Amino acid sequence: MSLETGFASLVGTQISVITSDGKHYVGLLRGYDQTTNLLLQECQERVYSTKSGVQVIQNPGIYCIRGDNVAVVGEVDEEADAQLDLAATKAPPLAPIHH
14 MSLETGFASL VGTQISVITS DGKHYVGLLR GYDQTTNLLL QECQERVYST
64 KSGVQVIQNP GIYCIRGDNV AVVGEVDEEA DAQLDLAATK APPLAPIHH
């Protein structure tokens, strides 16, 4: 699947993005370009911890993630995501990618 075909089918849907610095974002994909820069609307950052639940940081408006920082992109099952109890979910933070 080409970059163009793959992201075009995701525009307007909820996606999950993991960045190379270990951050996790969930938001509505509004746009992208040939260098994988992503525009997310009503984006939230999910910060993981082994001591407390997942901290959710809301980023209202449009949030831009630079393409050189994108590691993984996936479509979110909104029904399943709504059922998650993030406050009770404990997990170690994601480590950054080292090249």
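All residue numbers for the sequence shown refer to the numbering used here, where the first residue is 14 and numbers rise by one.
Positions of the beta carbon are idealized from the N, C-alpha and C atoms, including for glycine.
Being a predicted model, the structure only gives us computed values, none of them experimental.
Short check: CB of residue i to CB of residue j, under 9 Å?
i: ASN82; j: SER33; result: yes
i: CYS56; j: TYR38; result: yes
i: GLY66; j: LYS36; result: no
i: GLU88; j: ILE70; result: no
i: TYR76; j: LEU107; result: no
i: ALA93; j: ILE110; result: no
Would residue i be called buried (16 or more neighbouring beta carbons within 10 Å of its own) or exposed?
i: GLY40; result: buried
i: ILE78; result: buried
In the DSSP assignment, what are the bridge partners of residue i?
i: GLN71; result: GLN57
i: GLU88; result: ILE28
i: ILE78; result: LEU51
i: GLY40; result: ILE28
Among the options, which residue has its Cα nearest to the Cα of residue i?
i: LYS64; options: LEU99, GLU91, ALA84 and PRO109; result: LEU99
i: GLY74; options: ALA108, LEU42, PRO109 and SER22; result: LEU42
i: GLN47; options: GLN68, GLY80, SER22 and LEU23; result: GLY80
i: ALA101; options: ASP90, VAL86 and GLN68; result: GLN68
Does the pairing of the stretch 39 to 51 with the stretch 19 to 29 give three or more beta-carbon distances under 8 Å?
yes
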